[in-house]
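Chains as they are written, first to last, in numbering that gives the first Met the number 0: chain A, 0 to 333; chain B, 0 to 339.
First the structure, in the form of structure tokens, and then the observations on it.
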Amino acid sequence: MMNTSPLFIKNLCIGYPGLNNHVLFDNLNLSLYNGQLVCFMGPNGIGKSTLIRTLAGAQKPLSGEIKGIGNKNVSVVLTERVNAGMMTARELVSFGRYPYLGWSVRMTEADHSKIDEAVQQVRIHNLLDKSIHELSDGQMQMVMIARALAQDTPVLLLDEPTAHLDLNNRVEIMNLLRRLAKENNKAILVSTHELDLALQTADLVWLATSQKSIRVGISEDLVLDGTFDEVFRFKGFDLKTGRVKQEPFRHTGIQLIGDGHAYLWTKNALERNGFHIDPNSNLTIKIKTTTEELTTWTGFSNGEKTFLSIAELLSALINIIPNAQSLKSVTEIK
Amino acid sequence: MKLSFKLLPVLIIVGSLLLLFLVNISLGSIQIPFTKVIASIFSHGDGHDTYYSIIWQLRIPKAITCVVAGSALSIAGLLMQTLFRNPLAGPDVLGLSSGASLMVAFVLLLGTSAASYLPVVSPWSLALAASLGSGTIFLLVIAVAHRVRDNTSLLIIGLMIAAASGSFVSVLQYLSKAQDLQAFVIWTLGSVGGTNWNEILILVLLLIIGGSLALTSVKSLNAWLLGDNYAQSLGIDIKKSRQKIVLATSLLAGGVTAFCGPIAFVGLAVPHLVRLLVPTTNHKILIPMVMMGGAILLLLCDILTQMPGSATILPLNAITSMIGAPVVIWVVMRSKGVKM
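See the structure below:
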């Protein structure tokens with residue numbers, strides 16, 4: 000089956016006109032496809048919002064062509080917060096029907112059913128009668144997405160929809176967008192800073208580079224070939240392991256025995272506190288999970304102490320190894 | 000159930016509008032029994048009947064002027080609040096009334112002094128000059144608003160523009176003759192009593208034009224509440240609808256200012272008072288409601304200018320400010336700053 004592109008750009012150059020044109024992106028050739036969730040990433044201030052506004056038709060490109068612009072083809076969720084007094088969430092969602100209405104804004108049955116459908120997809124029935132200033136940031140974002148869905152367009156553009164949200168809301172929104180792409184066959188472009196979330200949900204990544212161009216690829220490829228590192232210049236974050244780099248400043252190796260989640264999180268706590276995992280170390284910690292889901296940690300070198308939480312284990316470890324002391328001194332204390 | 004809930008505030012507004020209209024024409028420096036008032040309204044008086052003359056030549060024109068001027072100012076206020084997305088915008092706050100005043104001062108103060116050079120001062124030229132004055136200031140404020148994105152700066156700039164055009168008016172006053180000056184000073188206090196039927200006709204005409212422009216802009220006005228970018232993404236032609244709103248507001252505010260003087264606070268306060276009763280952001284409902292609300296407020300203020308049992312009439316602006324100023328304070332306190 001040929002996948003058609005509801006929105007594509009040819010030789011597009013965007014930015015701000017002036018005496019000497021301020022060019023943000025030059026010679027872009029990109030397409031969005033139905034059923035695909037594309038995450039648009041790049042450093043702050045590189046022009047992600049400008050590209051989204053240009054694709055939404057709110058700003059003119061400097062040159063080039065955008066095929067598929069128009070309010071019945073593209074709907075958009077922007078970063079600016081709507082702040083309109085006593086408007087209810089239902090009223091806000093119904094704005095999505097405006098491109099289809101005449102000057103007197105009279106809505107038909109069909110308009111109402113599109114609004115209901117959008118509300119259903121985003122699952123915000125309980126918010127509809129609330130005034131929008133009562134909504135939390137996350138709820139507001141869901142209402143804005145419902146408004147864009149009510150516009151009933153093949154293409155959905157979202158500028159930083161997960162900014163200022165907590166992890167739970169971020170995951171909820173990304174999952175929703177993923178579902179909309181798959182189930183409703185929408186072409187969705189999301190600009191975001193949430194690297195980990197984007198890597199796990201995006202079908203495709205657009206990565207804005209400092210050369211005023213956009214690199215396109217599957218997230219895994221872009222991780223392995225170092226494009227991400229090149230663009231973001233990570234400071235202390237190891238993308239290939241997906242973790243913050245830890246300095247083993249205590250110079251103390253620990254032999255950790257165990258498995259599963261308990262092993263991972265214990266390792267995490269030890270590394271965050273400056274220890275490193277060393278299978279040859281004399282300092283041994285055994286993790287045991289009993290049938291009653293009770294986890295215990297047993298240490299140290301001769302295994303005479305048992306702890307009921309990682310916090311207890313850590314404070315004991317830090318007590319006997321105040322700072323950058325070697326394993327030798329530990330044995331001396333014992 | 001749902002219908003009656005929506006209908007009740009409308010009934011209250013229409014009812015009090017009719018009631019206040021009747022009360023307004025029943026009161027005045029000369030006491031006329033209420034039955035005679037009603038009789039005069041429906042009779043074909045022979046011109047020798049004093050009550051009939053008072054009712055038809057003084058009180059009904061004044062009451063109609065209240066209705067028309069109140070409606071016009073309130074629509075202008077609503078349009079400006081939506082256009083700037085600023086709850087404290089209004090024709091007097093952002094200098095539109097001052098712009099109109101300046102032009103009126105030109106016509107009134109220099110017009111008679113230099114009557115040999117200028118065409119005769121007619122109500123039409125006065126209305127035109129005032130609309131031009133408010134339109135120019137409006138465009139100036141929009142140009143400035145484009146550069147300053149926050150509401151507080153916009154208000155300060157509006158106040159400064161008002162102050163600047165006010166100072167030009169002072170210069171004109173200084174240069175003008177004493178008898179022109181007195182007429183002008185009385186005009187600046189605001190009055191709905193001085194209009195003749197010819198002027199009322201012009202006011203009604205301006206209200207119909209301005210009101211129709213506003214009503215046909217309902218879609219863009221509503222979409223504007225979401226901000227320029229969203230409005231544009233919903234298919235609103237920002238430039239065209241803005242021009243339409245500027246034209247409507249200038250005609251409405253300019254026309255009223257030409258004949259009634261710079262009436263303070265009505266345009267600013269009425270949209271807020273109406274939203275208390277009809278909590279909606281839909282301009283399709285707000286525009287007619289605000290029109291009636293403005294008429295009610297101005298009829299009420301005019302009744303209050305009439306000291307009971309005496310011939311003394313207080314300046315209209317003193318009363319509108321007494322009602323308007325607390326509304327502004329309440330709006331600022333409620334929104335915890337100048338936001339919308």
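Cβ atoms here follow ideal geometry from the backbone N, Cα and C, with glycine treated the same way.
In this text the structure is predicted, and so the values were computed from the model without any measurement.
Hey, W123 (chain B) and I24 (chain B): beta-carbon distance below 8 Å or not? Indexing the second sequence from 1 puts residue 123 (chain B) at position 124. Indexing the second sequence from 1 puts residue 24 (chain B) at position 25. No.
At 3 residues or longer, and completely inside the stretch 82 to 168 of chain A: list those beta strand (DSSP E) runs for me, N to C. 154 to 158
In whole angstroms, what is the alpha-carbon distance linking L77 (chain B) and L155 (chain A)? Translated into the one-based positions of the second sequence, residue 77 (chain B) becomes position 78. Translated into the one-based positions of the first sequence, residue 155 (chain A) becomes position 156. If I take the Cα positions, the gap works out to 33 Å.
Beta carbon proximity, L117 (chain B) to chain A, threshold 8 Å: As a position in the second sequence, residue 117 (chain B) is number 118, starting the count at 1. Residue placement at L117 (chain B) is poorly supported in this model, since its pLDDT is 47, which falls under 50; the coordinates are not used for a value here.
Using a C-beta to C-beta distance shorter than 7 Å, which residues of chain B count as neighbours of L77 (chain A)? For the purposes of this step, residue 77 (chain A) is taken as the residue at position 78 of the first sequence. Per Cβ cutoff of 7 Å: N228 and Y229.
Within-8 Å CB hit, K35 (chain B) to chain A: Walking along the second sequence from the start, residue 35 (chain B) turns up at place 36. It does not: the Cβ of K35 (chain B) has no partner Cβ on chain A nearer than 8 Å.
Do Y262 (chain A) and I284 (chain A) have their CB atoms nearer than 8 Å? Translated into positions along the first sequence, residue 262 (chain A) becomes position 263. Translated into positions along the first sequence, residue 284 (chain A) becomes position 285. It is not a contact, given that the beta carbons lie outside the stated cut-off.
Restricting to Cα atoms, I'd like to know which of B:I302, B:L303 and B:P270 is closest to P287 (chain B). Within the second sequence, residue 287 (chain B) is the residue found at index 288, counting from 1. For P287 (chain B), the nearest C-alpha among the options comes from B:P270.
Pick from B:V255, B:L267 and B:M290 that is closest to L214 (chain B), judged by C-alpha positions: Here residue 214 (chain B) is taken as the residue at index 215 of the second sequence, counted from 1. Looking at the Cα atoms, B:M290 is the closest of the given residues.
Should K327 (chain A) be labelled buried (16 or more other beta-carbon atoms within 10 Å of its own) or exposed? Against the first sequence, residue 327 (chain A) aligns to sequence position 328. Its pLDDT being 43, under 50, K327 (chain A) is placed unreliably in this model, and the coordinates cannot settle the point.
Members of the stretch 168 to 190 of chain B that neighbour chain A once the beta carbon cut-off is set at 9 Å: none
N19 (chain A) versus chain B: which residues are under 9 Å apart at the beta carbon? On the first sequence, residue 19 (chain A) is found 20 positions in, with the first residue counted as 1. What N19 (chain A) touches in chain B: nothing, since even the nearest Cβ is about 21 Å away.
Distance between L26 (chain B) and E133 (chain A) (C-alpha atoms, nearest Å): Start at 1 with the first residue of the first sequence, and residue 133 (chain A) comes out as number 134. Start at 1 with the first residue of the second sequence, and residue 26 (chain B) comes out as number 27. One C-alpha to the other measures close to 46 Å.
Taking all protein chains shown into account, decide if L345 (chain B) is buried (16 or more other Cβ within 10 angstroms of its Cβ) or exposed. Nothing about residue 345 (chain B) can be read from this structure; chain B reaches only from 0 to 339.
Would you please verify whether the beta carbon of E159 (chain A) is less than 8 Å from any beta carbon of chain B? Stepping through the first sequence from its first residue, residue 159 (chain A) is reached at position 160. So no, E159 (chain A) is outside the interface.
Could you say which of B:N197, B:L95 and B:T34 lies nearest to P60 (chain B) if we only look at CA atoms? For the purposes of this step, residue 60 (chain B) is taken as the residue at position 61 of the second sequence. Taking only the C-alpha atoms, the option nearest P60 (chain B) is B:N197.
Where do the ends of the beta strand (DSSP E) carrying D25 (chain A) lie? In the first sequence, counting from the first residue as 1, residue 25 (chain A) sits at position 26. Where D25 (chain A) is concerned, the enclosing beta strand (DSSP E) stretches over H21 to L31.
Identify every residue that forms a DSSP beta bridge with C12 (chain A). In the first sequence, residue 12 (chain A) corresponds to position 13, counting from 1. In DSSP, C12 (chain A) forms a bridge with A:S62.
Report yes if the CB atom of F24 (chain A) is closer than 8 Å to the CB atom of I213 (chain A), and no otherwise. The sequence position of residue 24 (chain A) within the first sequence is 25, counting from 1. The sequence position of residue 213 (chain A) within the first sequence is 214, counting from 1. Taking 8 Å as the Cβ cut-off, F24 (chain A) and I213 (chain A) qualify as a contacting pair.
Range covered by the alpha helix (DSSP H) that runs through S175 (chain B): Residue mapping note: residue 175 (chain B) aligns to position 176 of the second sequence, counting from 1. No alpha helix (DSSP H) contains S175 (chain B), which DSSP labels as neither H nor E.
Local Cβ density within 10 Å of D91 (chain B), reported as buried at 16 or more and exposed below that: Position 92 of the second sequence, counted from the first residue, corresponds to residue 91 (chain B). So D91 (chain B) ends up on the buried side.
Can you name the residues of chain B whose CB is closer than 8 Å to the CB of L100 (chain A)? Within the first sequence, the letter at position 101 stands for residue 100 (chain A). Near L100 (chain A) (Cβ distances below 8 Å), the residues of chain B are K218.
Between A144 (chain B) and chain A, is any beta-carbon pair separated by less than 8 Å? By one-based count along the second sequence, residue 144 (chain B) stands at place 145. Not an interface residue.
Just to confirm before moving on: does the CB-CB distance between D94 (chain B) and A294 (chain B) stay below 8 Å? Here residue 94 (chain B) is taken as the residue at index 95 of the second sequence, counted from 1. Here residue 294 (chain B) is taken as the residue at index 295 of the second sequence, counted from 1. Residue identity differs from the one stated: residue 94 (chain B) is Gly in this sequence, not Asp. The answer is no: Cβ separation not under 8 Å.
In three-state DSSP terms, what is I312 (chain B)? Here residue 312 (chain B) corresponds to residue number 313 of the second sequence, with the count starting at 1. In the structure shown, I312 (chain B) sits in a strand (DSSP, three-state: E or B).
Show which residues of chain B have a CB atom less than 8 Å away from the CB atom of R52 (chain A). By 1-based counting over the first sequence, the position of residue 52 (chain A) is 53. Within 8 Å Cβ-Cβ: N228.
Give the straight-line distance between the Cα atoms of I54 (chain B) and F264 (chain B), rounded to the nearest whole angstrom. Taking the second sequence and counting its residues from 1, one reaches residue 54 (chain B) at position 55. Taking the second sequence and counting its residues from 1, one reaches residue 264 (chain B) at position 265. In a straight line, the C-alpha of I54 (chain B) is about 28 Å away from that of F264 (chain B).
Measure from the alpha carbon of M85 (chain A) to the alpha carbon of each residue in A:S130, A:C12, A:L11 and A:V118, then state which is nearest. If you number the first sequence from 1, residue 85 (chain A) lands on position 86. For M85 (chain A), the nearest C-alpha among the options comes from A:S130.
The alpha helix (DSSP H) with M40 (chain A) in it runs from where to where? Translated into positions along the first sequence, residue 40 (chain A) becomes position 41. Taken as a continuous stretch (DSSP letters only), M40 (chain A) belongs to no alpha helix (DSSP H), being part of the beta strand (DSSP E) at L36 to M40.
With DSSP collapsed to three states, give me the class of Y116 (chain B). Within the second sequence, residue 116 (chain B) is the residue found at index 117, counting from 1. Note that Y116 (chain B) scores 47 on pLDDT, short of 50, meaning its location in the model is unreliable; the coordinates nonetheless yield the value given after this. If DSSP states are grouped into helix, strand and coil, Y116 (chain B) belongs with coil.
Take G323 (chain B) and list the residues in its own chain whose beta-carbon comes closer than 8 Å to its own, dropping the five residues that flank it on each side. Position 324 of the second sequence, counted from the start, is the residue given in the question as residue 323 (chain B). Excluding sequence neighbours, G323 (chain B) sits near A263, F264, V265, L267 and A268.
Run through the DSSP bridge pairs and tell me what S190 (chain A) is partnered with. Position 191 of the first sequence, counted from the first residue, corresponds to residue 190 (chain A). S190 (chain A) is bridged to A:F39 and A:D158.
Could you tell me which uninterrupted alpha helix (DSSP H) segments, each at least 4 residues in length, are contained entirely in the stretch 186 to 217 of chain B, listed from first to last along the chain? 196 to 214
Do S121 (chain B) and A252 (chain B) have their C-beta atoms closer together than 8 Å? Residue 121 (chain B) sits at position 122 when you count from the first residue of the second sequence. Residue 252 (chain B) sits at position 253 when you count from the first residue of the second sequence. Cβ atoms of S121 (chain B) and A252 (chain B): not closer than 8 Å.
Segments of 3+ residues assigned as beta strand (DSSP E) that fall wholly inside the stretch 218 to 303 of chain A: 251 to 256, 274 to 276, 283 to 288 and 294 to 298
The stretch 221 to 251 of chain B: which residues have C-beta closer than 7 Å to a C-beta of chain A, in chain order? N221, A222, L224, L225, G226, N228, Y229, Q231, S232, L233 and G234
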